[in-house]
Each structure stands twice: as structure tokens, then as C-alpha cells.
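Before any comments, here is the structure.
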Amino acid sequence: MGRDRGRPPCSKTSWSFEVGARWVRRGQATVEAALLLPTVLTLVALLVQPACVLYTKSVMASAASEVTRLVATACGSDDAVRAYVLRRLAAVPDLGVFHEGGAGAWEVRTQGPDDAGRVTVEVEGRVSPLPLLGTIVSALGEADGGGVVMRVEVTRDVRADWIGGGYEDWIGIWG
């Protein structure tokens, strides 16, 4: 009475065929996973690396844009401006795919404001691309040894064109 009445009786050969087919299917899944896993991970790396570089560039551009207004309106020292930029650039993770070298590796250069009210700020950093992706990432910046140099330059006219002249000119405009 040990036999299950709901199932039809099966011979030893059919049982071994069923178990063997199950093991064959498991083996096939292992082979498929071994082929698909590297392909999927390569595709993910191809998407993640440019996204990391573009994130870093957008943070650099935002920081440089904010610093143009700061330089135009304040008479701070270069050290104070650099500290301001570094606080903004702290949003970039200190990982090689985002930025290489820590906070001391950022280069910040400012010019202005000149007589026309033009301010230029340049922020430069380096990225270490993932293996095999160096050529793709180097399209987003210039290659420098094992890394890629990323440079963002923002130039802004901080004084409107209609502002100008002397006191007499202003009286003529509003008079």
C-alpha cells in the first residue's frame, strides 16, 4: 500500500529518464548563465561608466557656475574660493570611476572680473576608467596616462550690457 494511487505506475526506466532530463535542464541553465552573465555585466559597465563621468562633469559645471557669481561679487582670497569649490565638489564620490586623487587633486583657476564684468572659472579633475572602457571615457575628456582629465570652464558676464557709462549717462537714461 506504499504506492500513491493518484499517480500512474512508472517503470524504472521512465523514472530515470525523468530525473536525467531534469539534470540536463539544470546543466543547460548553468551553461546559459555562464555565457550571459559576462555579457550582461559588460553591458552594465558600458552604461555605468559614462553615467559616472557625466555626473562628475555636471557637479563640476555647477560648482564652476556658482563660483563665477562668488568671484564677481566678493573680494575673497583664492584659498577661500578654492574651499568654496571643494565644498561643492564633495558631492562627487571619492572613487576612481567618479574622481581620482581625493579633495587635493581638484584644480581650480579663476580669472576676473575684468572691466567688462567677465569672470572665467576652470575646474579640472581626473577619472580612472574601468578596464576596457578607457577609449569610451577618453571621448568625454583628454587621456592622461592611465586616467582621463576632465575639465569644465564657465565664462559668465556678471555685469549686464545695459549697465555702463557715468553719472551723466544715467541721468540721461532716467531723466
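Under the UniProt record's numbering, think of the first position of the sequence shown as 1, with each following residue one higher.
Even glycine gets a Cβ: it sits at the ideal position worked out from N, Cα and C.
Distance from residue 97 to residue 130 at the Cβ level is roughly 6 Å; contact confirmed, criterion being Cβ atoms closer than 8 Å.
Sixteen is the threshold: when 16 or more other Cβ atoms of the shown chains lie within 10 Å of the Cβ of residue 68, as they do, the residue is buried. Residue 158 carries a coil assignment under DSSP once its states are collapsed to helix, strand and coil. Contact check between the segment 109 to 122 and the segment 70 to 79: three or more CB pairs, one atom from each, fall below 8 Å, which counts as touching. Of all C-beta pairs linking the segment 88 to 95 to the segment 58 to 67, three or more are shorter than 8 Å, placing the two stretches in contact. For residue 81, the enclosing alpha helix (DSSP H) has its first and last residue at 78 to 89. Cβ-Cβ distances below 6 Å link residue 159 to 117 in the same chain, with the five nearest sequence neighbours on each side left out; the list follows chain order.
A direct Cα-to-Cα measurement between residue 84 and residue 49 gives close to 27 Å. Residue 128 and residue 53 have their alpha carbons spaced roughly 10 Å apart.
As far as DSSP is concerned, residue 56 takes part in no beta bridge. The C-beta of residue 152 has 16 or more other C-beta atoms within 10 Å across all chains shown, which makes the residue buried.
Considering only 106, 125, 78 and 93, the residue with the shortest C-alpha distance to residue 112 is 78.
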